[in-house]
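Residue numbers (the UniProt record's numbering), protein chains in the order written: chain A, 1 to 196; chain B, 1 to 196.
Even glycine gets a Cβ: it sits at the ideal position worked out from N, Cα and C.
All figures in this text were calculated on a predicted structure; none of them were measured in a lab.
See structure below.
2 protein chains.
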Amino acid sequence: MNDSGHSTGSAAGSKRKDALRNQQTLLDAAASVFVTSGVEAPVRDIAAEAGVGTGTIYRHFPTRADLIIAVYRHQVEACAEAGPDLLTTCPTPHAALERWVDLFVDFLVTKHGLAAVLRTDSSGFETLHAYFLDRLLPVCAQLLDAAAASGEIRPGIDAYQLMRGIGNLCIGAESDPRYDARRLVALLVAGLRRPS
Amino acid sequence: MNDSGHSTGSAAGSKRKDALRNQQTLLDAAASVFVTSGVEAPVRDIAAEAGVGTGTIYRHFPTRADLIIAVYRHQVEACAEAGPDLLTTCPTPHAALERWVDLFVDFLVTKHGLAAVLRTDSSGFETLHAYFLDRLLPVCAQLLDAAAASGEIRPGIDAYQLMRGIGNLCIGAESDPRYDARRLVALLVAGLRRPS
DNA sequence: AACAATACGGAACACGGTTCCGCTTTGGCA
DNA sequence: TGCCAAAGCGGAACCGTGTTCCGTATTGTT
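Here it is, written out as structure tokens:
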């Protein structure tokens with residue numbers, strides 16, 4: 001309890017106030033750059049936007065992926081928390097699954113290039129991949145299980161595959177007007193339904 | 001009419017024989033490296049494997065993507081030509097579509113990292129993207145049209161979206177045992193069926 | 001055999017992530 | 001208030017890629 005009690009949301013135990021200020025500046029700058037140039041914007045651009053050196057970024061965020069995580073943590077949390085809510089709100093588990101997938105897809109498609117960074121390979125982004133999985137996989141699994149338990153969907157696809165499939169389908173969706181990721185994902189989720 | 005009329009198969013109008021030999025050596029080396037290290041192997045590795053300098057690669061293939069195209073041209077052609085055949089061989093157009101998609105997916109999944117390189121972005125690979133589209137899109141469209149004409153599938157997804165969706169679903173499939181791209185693609189294609 | 005055209009090798013460049021280190025700022029303490 | 005060690009900072013430097021450039025070697029024609 002040594003600081004005045006306001007935290008920036010993340011685990012900000014750092015001591016010096018200029019460091020804290022810079023951390024926030026960086027998050028803002030990154031968010032701004034991500035919006036205009038996409039998630040794959042060069043670190044140097046973010047540093048420039050924040051008016052700091054590149055070293056500063058790496059002291060606060062061990063790797064580019066960690067910065068991305070930090071920027072989108074709130075939204076990922078929101079997405080994760082929405083899962084259980086939808087399950088109680090929606091008429092059927094499958095409907096809840098559909099809604100949740102919509103949320104997830106909107107999130108991915110909205111953030112320029114985020115989806116492309118979720119795939120297993122693309123070195124340097126294991127952290128990001130792991131974070132998304134850690135946080136969202138259980139939620140997706142819960143929805144999937146509920147839908148399975150209610151007999152609405154056929155088995156054979158687990159939450160991991162579904163999430164990777166959705167993530168993959170969203171790649172490049174924002175930069176190609178001819179490609180509608182939402183529709184394809186919807187098709188996929190519809191395909192989960194029991195044929196009966 | 002100055003040359004003796006033997007060509008290596010591709011548009012090889014180049015004159016000097018060492019150049020032709022090197023071109024073939026490069027194709028073989030590239031094919032070999034792609035198998036062991038994936039399509040994203042560094043140009044220098046391919047040059048080393050072929051025992052030539054990097055400059056030589058770029059004289060024969062303007063860009064890395066062109067080398068990839070050259071290596072896989074045969075298989076892409078085969079895939080393209082299989083389309084019409086399947087249409088006459090299979091009992092229904094939808095079955096033909098399924099078979100063809102299987103072929104395409106096998107091709108993508110087999111070649112380490114090829115799928116990842118088909119997306120619209122990933123600068124430097126526009127050539128490859130364009131080639132795949134030019135060659136395979138008409139085939140896919142023909143199959144899709146036939147299936148639509150026979151009333152087996154519902155409209156709303158065009159060939160372009162289907163191909164991009166399939167390509168995306170195949171990304172990373174070879175490096176992740178927990179992910180079965182074939183199954184997801186099958187789900188997608190199954191989802192095209194008319195609900196009735 | 002000589003020479004011009006062609007091709008070659010690999011150093012050099014552009015660009016992106018990441019590391020390193022000398023300098024600056026901060027904040028506790030006298 | 002002034003001092004100083006610790007914490008933080010900037011950005012040059014490093015590494016790995018794709019790509020370009022140019023001096024040199026090879027080819028084949030006269």
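- In the three-state scheme derived from DSSP, where H, G and I count as helix and E and B as strand, residue 153 (chain B) is classed as strand.
- In the displayed model, residue 194 (chain B) falls within coil according to three-state DSSP, outside both helix and strand.
- Of the candidates A:19, A:43, A:71 and A:18, the residue whose Cα lies closest to the Cα of residue 28 (chain A) is A:71.
- For residue 157 (chain B), the chain A residues whose C-beta falls within less than 8 angstroms of its own C-beta are 183, 184 and 187, listed in chain order.
- With a cut-off of 8 angstroms on Cβ pairs, the segment 175-194 of chain B is in contact with the segment 152-162 of chain B, counting three or more such pairs.
- Not one beta carbon of chain A lies nearer than 8 angstroms to the beta carbon of residue 124 (chain B).
- For residue 149 (chain B), no CB of chain A lies under 8 angstroms from its own CB, so it is not counted at the interface with that chain.
- For residue 160 (chain A), the three-state secondary structure derived from DSSP is helix.
- A contact is defined here as three or more CB-CB pairs under 8 angstroms, and the segment 177-191 of chain B fails this definition with respect to the segment 132-146 of chain B.
- Interface annotation for the segment 17-41 of chain A against chain B: empty, criterion Cβ-Cβ distance under 8 angstroms.
- Nearest in C-alpha terms to residue 81 (chain B), of all of B:173, B:169, B:143 and B:164, is B:143.
- Neighbours of residue 190 (chain B) in chain A, taken as residues at a C-beta separation under 8 angstroms, are given in chain order as 191.
- Contact with chain A is absent for residue 83 (chain B), since none of that chain's Cβ atoms lies less than 8 angstroms from the residue's Cβ.
- Residue 52 (chain A) carries a coil assignment under DSSP once its states are collapsed to helix, strand and coil.
- Around residue 169 (chain A), the beta-carbon contacts reaching into chain B at under 7 angstroms are 165, 168 and 169.
- Rounded to whole angstroms, the gap between the alpha carbons of residue 146 (chain A) and residue 137 (chain A) is 14 angstroms.
- Rounded to the nearest whole angstrom, the CA to CA distance from residue 76 (chain B) to residue 43 (chain B) is 22 angstroms.
- In the same chain as residue 39 (chain A), and ignoring 5 residues on each side of it, the C-beta atoms closer than 7 angstroms to its own belong to 68, 111, 112, 113, 114 and 117, in chain order.
- Rounded to the nearest angstrom, the Cβ distance from residue 103 (chain B) to residue 79 (chain B) is 6 angstroms, consistent with a contact under 8 angstroms.
- For residue 83 (chain B), the enclosing alpha helix (DSSP H) covers residues 64-89.
- Residue-level contact check: residue 179 (chain A) touches chain B, since one or more beta carbons of chain B fall below 8 angstroms from its beta carbon.
- Within chain B, 119, 120, 121, 122, 164 and 168 have C-beta atoms less than 9 angstroms from the C-beta of residue 172 (chain A), given in sequence order.
- One finds 120 and 164 in chain B with Cβ atoms closer than 8 angstroms to the Cβ of residue 176 (chain A), taken in chain order.
- For residue 96 (chain A), the enclosing alpha helix (DSSP H) begins and ends at 93-110.
- Taking the C-beta atoms as reference points, residue 41 (chain B) is found no nearer than 8 angstroms to residue 124 (chain B).
- For residue 161 (chain B), the neighbours in chain A by C-beta distance under 8 angstroms run, in chain order, 178, 179, 180, 183 and 184.
- For residue 148 (chain A), the closest C-alpha among the options A:95, A:167, A:168 and A:105 is that of A:95.
- With a cutoff of 8 angstroms on beta-carbon distance, residue 127 (chain A) and residue 63 (chain A) are scored as near each other.
- Listed in chain order, the non-local C-beta contacts of residue 175 (chain A) below 6 angstroms within the same chain number zero, local neighbours out to five positions each way being set aside.
- In this structure, residue 172 (chain A) places its C-beta atom within 8 angstroms of the C-beta atom of residue 119 (chain B).
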